[in-house]
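Everything in the sequence shown is counted per the numbering used here, starting at 772 for the first residue and increasing by one. Using N, Cα and C, we set each Cβ at its ideal position, and we do this for glycine too. Comments concern the structure below.
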Amino acid sequence: MDQNAKQIWVDCLGEVKSNVSVNAFNRWFKPIKPIQFKESVLTIQVPNPFFYEYLEEHYVDILRTAISKVLGSKGRLKYQILMPDSRKNKRHEKDDTDFTPGTYAVDQIKNPFVVPGIRKKNVHHNLVSKYTFDNYIEGDCNKLARSAGINIASKPGRTSFNPLVVYGGVGLGKTHLIQAIGNEILKQNPDKEVLYVSSEKFTNQIIQSIKNRATEELVAFYQDLDVLIVDDIQFFAGRGKTKEIFFHIFNHLHNSGGQIILSSDKAPKDLDGLEDRLISRFKWGLTADLRSPEFETRMAILMHKLELHNLEIPMEGMEYICYNIQDNVRELEGVVISLMAQTTLNGKELTFPVIKRVVTKYITDGRKEITVEGIQEIVAEHYAMSIDKILSRSRTRDVVVARQLSMFLSKKMTNNSLKSIGKSFGKDHTTVIHAIKSIKNLLDTDNEFQSEIMALEKRIEMSLT
Ligand code: ADP
Ligand code: MG
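Written as structure tokens, this is what we have:
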């Protein structure tokens, strides 16, 4: 190591130390290695691109001040980044990573993963703006969860509803509600860092970060949020590493007053495969269920959706719809869309007989069919791998498992023959038989795998609604 560089960096750290918290100092400055000092340029090495972006994002001013105090106005800083894919710790010397603080070109850096919300002033919160409280109709079915949400929005992290866990079946408004809370928090507290993430995306980020050996940074990133919203945590079941990392993040965020909002399709106590230690934490806050809306609420929701689409239909038509579509709000919306198609595409007037026909048709064949392709797609997403890879000849273990699992689920969930399933994978029926056997063997011996498959089946079924 360049002794000169080392001394300069020690001096810089002295400056930095008085300006950041001890935690931040240990986390973000200690791992930096001074490499070289040459012609007023100090080169420092950071562990990975994420680390570099984080420094630039949060500490650029502090670094700049420190450098100019120690080296004078001519002093410059150059980053050297250990690339995440260099398994053997081979250093990636990149000339083009020569950036003075604040003037870097991000696209020259291989980003280990896209972390939503990385930029504080330009937070990509992942929220969809149409999900608001204004258009979330209140009813007995959602009263508790809705009013807890409104309460949280004005004082995130400072109510007794932390965490807020919302649970309920498909299409009952979980995603809408938790997103509405996020949107309302930002409306009332524009400075808060809010992040909405699906459990799927979260899991994929963890897989990526493990590959790139950037797990610590990922955790640090999540722990710095003010509000973390995770949708559909039932999919964490059977994912050991994800659960463990989520548990850490949960604890830290909760301790530091961050608001946590979660949704699940089951009551926490019925969530097989989620750890008791995590579930017991949920008792610190509020767990509220969403139930199927009662008739009056269905009517109110339907009227609201019709209004949104500028549709007018007779009262008896509305009643007919709400008597026949009972379980879930998404289906009510589906009917509204079908009605819209009838008027705008077919030019039909929405009379009672027309409405009746639309509803009957919706009930009888509104459901799509599960296909082998659909299964491949969902399995690929689950393993953060491309469909091409599943269809390739690769014998890598994770690819083989993904392929065999897709075949297994295809047999179980579609009516296709072994032969036709094989064909969809470019293989013959004996390969499918072998795949089914292998998966069954795994299932017999591995409990985690069992719940993983259950979660996958659920997701495949959900993709139809
Ligand atoms: P889930 O996440 O529970 O599966 P969603 O939040 O996706 O359900 O809701 C399904 C659809 O129903 C969404 O388009 C949502 O806007 C709508 N919806 C659900 N509950 C309500 C409600 N109380 N008022 C208005 N729209 C609702
Ligand atoms: Mg949802």
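{"Check": "Less than 8 angstroms between the C-beta atoms of Gln994 and His1023, yes or no?", "Outcome": "yes"}
{"Check": "Consult DSSP for Tyr993 and reduce its assignment to one of helix, strand or coil.", "Outcome": "helix"}
{"Check": "Based on Cα-Cα distance, which residue from Asn790, Leu1121 and Arg1052 lies nearest to Asn1026?", "Outcome": "Arg1052"}
{"Check": "Would you check whether the ligand ADP has a heavy atom nearer than 7 angstroms to the C-beta of Val941?", "Outcome": "yes"}
{"Check": "List the whole-angstrom C-beta distance separating Leu1061 from Gly944, where the pair is believed to meet the contact cut-off of C-beta under 8 angstroms.", "Outcome": "6 angstroms"}
{"Check": "Given a cut-off of 8 angstroms, decide if Ala1226 and Gly1250 are closer than it, judged by their beta-carbon atoms.", "Outcome": "Residue 1250 lies beyond the residue range present for the chain, which begins at 772 and ends at 1236; the question has no answer from this structure."}
{"Check": "Who are the Cβ neighbours of Glu1223 in its own chain at under 6 angstroms, not counting the five residues just before and after it?", "Outcome": "Gly1009"}
{"Check": "Going by alpha carbons, who is nearest to Val1143 out of Ser1195, Arg1128, Arg847 and Ile1016?", "Outcome": "Ser1195"}
{"Check": "When you compare the CB positions of Ala1065 and Cys912, do they come within less than 8 angstroms of one another, or not?", "Outcome": "The question names Ala, but residue 1065 in the sequence shown is Glu. In this structure, Cys912 lies closer than 8 angstroms to Glu1065 by Cβ."}
{"Check": "Exposed or buried, Arg858, counting other C-beta atoms within 10 Å across all chains shown (16 or more means buried)?", "Outcome": "Low per-residue confidence applies at Arg858: pLDDT is 32, beneath 50, and the placement is therefore not dependable, though the value from the model is reported in the following sentence. Answer is exposed; the Cβ neighbour count stays below 16."}
{"Check": "Are there 16 or more other CB atoms within 10 angstroms of the CB of Lys1012, so buried, or fewer, so exposed?", "Outcome": "exposed"}
{"Check": "Does any heavy atom of the ligand ADP sit closer than 7 angstroms to the C-beta of Glu988?", "Outcome": "no"}
{"Check": "Would you tell me roughly how many angstroms separate the C-alpha atoms of Met1074 and Asn1095, rounded to the nearest one?", "Outcome": "15 angstroms"}
{"Check": "Go ahead and pull the three-state DSSP assignment for Thr1131.", "Outcome": "helix"}
{"Check": "Using alpha carbons as the reference points, say which of Leu1213, Ile1146 and Ser1165 lies closest to Ser1234.", "Outcome": "Ile1146"}
{"Check": "Comparing the CB of Lys945 with every heavy atom of the ligand NAP, is any distance shorter than 7 angstroms?", "Outcome": "Absence of the ligand NAP from the depicted structure is noted, with the ligand ADP and the ligand MG being the only ligands included."}
{"Check": "Please report the residue range of the alpha helix (DSSP H) in which Phe1179 lies.", "Outcome": "Arg1168 to Met1184"}
{"Check": "For Thr1135, does the count of other Cβ atoms within 10 angstroms reach 16, so buried, or fall short, so exposed?", "Outcome": "exposed"}
{"Check": "Given the structure, does Asp1003 come close to the ligand MG, in the sense that its CB is under 7 angstroms from one of the ligand's heavy atoms?", "Outcome": "yes"}
{"Check": "Out of Gly1197, Ile1149, Pro927 and Asn1187, point me to the one whose CA is closest to Ser1165's CA.", "Outcome": "Gly1197"}
{"Check": "Lys958 lies in the beta strand (DSSP E); which residues open and close that run?", "Outcome": "Lys958 -> not in any beta strand (DSSP E); alpha helix (DSSP H) instead, spanning Lys945 to Gln959."}
{"Check": "Classify Gly1056: buried if its beta carbon has 16 or more other beta carbons within 10 angstroms, exposed otherwise.", "Outcome": "buried"}
{"Check": "Return yes when at least one heavy atom of the ligand ADP lies under 7 angstroms from the C-beta of His1075, else no.", "Outcome": "yes"}
{"Check": "Could you tell me whether the segment 1199 to 1211 touches the segment 1170 to 1179, where touching means 3 or more Cβ pairs closer than 8 angstroms?", "Outcome": "yes"}
{"Check": "Would you mind reading off the limits of the beta strand (DSSP E) that contains Phe808?", "Outcome": "Lys804 to Lys809"}
{"Check": "Return the chain-ordered list of same chain residues with a C-beta closer than 7 angstroms to the C-beta of Phe932, the five sequence neighbours on each side being excluded.", "Outcome": "Ala919, Asn922, Ile923, Gly1056 and Leu1057"}
{"Check": "Is it true that the CB of Ile1126 sits closer than 8 angstroms to the CB of Ile1084?", "Outcome": "yes"}
{"Check": "Does the ligand ADP have even one heavy atom less than 7 angstroms from the beta-carbon of Val1100?", "Outcome": "yes"}
{"Check": "Spatial neighbours of Met1070 within its chain, please: C-beta separation below 8 angstroms, excluding the five flanking residues on both sides.", "Outcome": "Met1089, Glu1090 and Cys1093"}
{"Check": "Please classify Ile1031 as buried or exposed, where buried requires at least 16 neighbouring CB atoms within 10 angstroms.", "Outcome": "buried"}
{"Check": "Which value, in whole angstroms, describes the spacing of the CA atoms of Trp780 and Val1001?", "Outcome": "40 angstroms"}
{"Check": "Quickly, what does DSSP pair Ser1035 with across the bridge? List them, please.", "Outcome": "Tyr938"}
{"Check": "Can you look up Pro872 in the DSSP assignment and give me helix, strand or coil?", "Outcome": "Residue placement at Pro872 is poorly supported in this model, since its pLDDT is 34, which falls under 50; the coordinates are not used for a value here."}
{"Check": "Which of the three DSSP states is assigned to Thr814 in this structure?", "Outcome": "strand"}
{"Check": "Give a yes or no on contact between the segment 792 to 806 and the segment 959 to 975, applying the rule of three or more CB pairs nearer than 8 angstroms.", "Outcome": "no"}
{"Check": "Is the CB-CB distance between Gly939 and Arg1101 below 8 angstroms?", "Outcome": "no"}
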